[in-house]
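> My questions all concern the structure below.
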Amino acid sequence: PTDESTTAPTGEPCVEAAIKDFDAKVECVCPESLQGGGSANSTCVGCAMHCTSCTIKISNVQLDGSSPFEYRYSYKKQNASWVSSTWTSSSEYQFSGLQSCKNEDYTIRVEVRNKCTSQLNFEKNIVLPGKKCCCSFVLTSTSQHPLTASWKQTGKTWKVELDGWVDGNVCTDRIKVTAYLYKGSAYQNKKATKSANGRNFSIEDLRIDSGVTGSTPPAGNYRVKIVLENLNRTNCPPKEYWVAISSSS
Numbered sequence: 014p015t016d017e018s019t020t021a022p023t024g025e026p027c028v029e030a031a032i033k034d035f036d037a038k039v040e041c042v043c044p045e046s047l048q049g050g051g052s053a054n055s056t057c058v059g060c061a062m063h064c065t066s067c068t069i070k071i072s073n074v075q076l077d078g079s080s081p082f083e084y085r086y087s088y089k090k091q092n093a094s095w096v097s098s099t100w101t102s103s104s105e106y107q108f109s110g111l112q113s114c115k116n117e118d119y120t121i122r123v124e125v126r127n128k129c130t131s132q133l134n135f136e137k138n139i140v141l142p143g144k145k146c147c148c149s150f151v152l153t154s155t156s157q158h159p160l161t162a163s164w165k166q167t168g169k170t171w172k173v174e175l176d177g178w179v180d181g182n183v184c185t186d187r188i189k190v191t192a193y194l195y196k197g198s199a200y201q202n203k204k205a206t207k208s209a210n211g212r213n214f215s216i217e218d219l220r221i222d223s224g225v226t227g228s229t230p231p232a233g234n235y236r237v238k239i240v241l242e243n244l245n246r247t248n249c250p251p252k253e254y255w256v257a258i259s260s261s262s
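According to the numbering used here, the residues represented by the sequence shown are 14 to 262, in order.
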């Protein structure tokens with residue numbers, strides 16, 4: 014680099030670039046194939062936990078000197094080689110698709126140059142979190158166990174009988190199923206639950222006692238909210254399904 018008295022080819026005074034700081038943050042999510050349930054044949058086979066997919070976002074590069082500036086962004090996993098962008102005029106950048114299976118240290122580097130500064134750099138460390146993604150599980154409909162809710166009268170009381178199939182539980186985790194009875198958007202304080210281990214299972218044994226009596230099924234916009242929860246892995250988000258209730262058959 015030359016000193017501050019250097020004159021750029023344009024004849025304008027050029028002040029050397031001096032980088033002082035930048036912001037770097039990490040965002041990690043489960044792979045897209047798992048967020049929507051995934052496939053029992055392609056996700057978590059053999060109960061292998063999926064790693065998160067992380068993005069490093071670099072912004073707010075703070076520097077002094079004469080513009081315009083050029084930037085080059087890099088990251089390095091511990092004991093690995095640098096991965097770098099090309100030189101760019103953008104003052105922010107992101108690296109996507111980094112897999113994180115355990116807490117790992119990364120070094121982030123930002124280089125800057127202008128007409129009278131060949132290259133300066135600033136580094137800081139960041140940790141990619143080691144959260145792992147849960148195995149896939151979904152509530153689905155099959156020919157033998159269609160996803161249904163129907164009114165059935167037992168004695169004088171009307172109950173909602175459910176059916177459906179919990180699938181894709183390839184890690185054979187314990188899954189809790191809770192069915193809540195609603196009328197419109199109002200919860201009726203009636204529910205039924207079951208838990209099961211195993212790869213797949215039905216919910217045909219779930220029955221919600223509505224407490225309503227009479228010769229005809231309850232009138233109104235009744236429906237059931239069914240929630241699936243993985244009891245073995247707290248990082249698995251619950252999954253929610255709404256099913257309309259049909260007349261007694």
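Here a beta-carbon is modelled for each residue, glycine too, at the ideal position from N, C-alpha and C.
1) Give the DSSP bridge partners of L194, in chain order.
2) Considering only residues of the same chain and omitting the five flanking positions on each side of Q112, which have a CB-CB separation below 8 Å?
3) I need the DSSP call for L76, collapsed to helix, strand or coil.
4) Where does the unbroken beta strand (DSSP E) through K169 begin, and where does it stop?
5) Find the nearest neighbour of N202 within the set K238, C114, D176 and S109, judged by alpha-carbon distance.
6) Assign A93 to one of two classes, buried (16 or more other C-beta atoms within 10 Å of its C-beta) or exposed (fewer than that).
7) With DSSP as the reference, label L133 as helix, strand or coil.
8) Thinking C-alpha only, which one of N116, S102, I71 and R126 is nearest S109?
9) If I measure Cβ to Cβ from E136 and keep anything under 7 Å in the same chain, skipping five residues before and after, which residues do I get?
10) Per DSSP, what are the beta-bridge partners of Q107 in this structure?
11) Note down the Cα distance separating D16 from F35, rounded to an integer number of angstroms.
12) Please list, in chain order, all residues of the same chain as N138 whose beta carbon is under 8 Å from its beta carbon, the five residues on each side excluded.
13) Check whether the Cβ atoms of Q127 and G78 sit closer than 8 Å, and answer yes or no.
14) Please classify W95: is it buried, with 16 or more other beta-carbons within 10 angstroms of its beta-carbon, or exposed?
15) Please name the residue in P251, I221, S260 and K204 whose C-alpha comes closest to that of T229.
16) Looking only at its chain, what residues have a beta carbon closer than 6 Å to the beta carbon of K252, apart from the 5 residues adjacent to it on each side?
17) Tell me which residues share the same chain as S104 and place their Cβ nearer than 7 Å to its Cβ, disregarding the 5 neighbours each side in the sequence.
18) Go through its chain and collect everything with a Cβ distance to L244's Cβ below 6 Å, but skip five positions before and after it.
19) Does the beta-carbon of S87 have 16 or more other beta-carbons within 10 angstroms, so that it is buried, or is it exposed?
20) Taking the alpha-carbon positions, what's the V42 to K90 distance?
21) Any idea which residues DSSP pairs F150 with across the strands?
22) Measure the alpha-carbon distance for W164 versus D218 and round it to whole angstroms.
This is what the structure gives:
1) V237
2) C64, T65, S66 and C67
3) strand
4) Segment: none, K169 is in no beta strand (DSSP E) and carries neither H nor E.
5) K238
6) exposed
7) strand
8) I71
9) T120, I121 and R122
10) K70
11) Confidence at D16 is low in this model, with a pLDDT of 43, below 50, so its placement is unreliable and no value can be given for it.
12) D118, Y119, T120 and I121
13) Here residue 127 turns out to be Asn, not Gln, going by the sequence shown. The answer is yes: Cβ separation under 8 Å.
14) exposed
15) S260
16) L241
17) V74 and Y84
18) R187 and K189
19) buried
20) 19 Å
21) Answer is none; F150 lacks a bridge partner.
22) 14 Å
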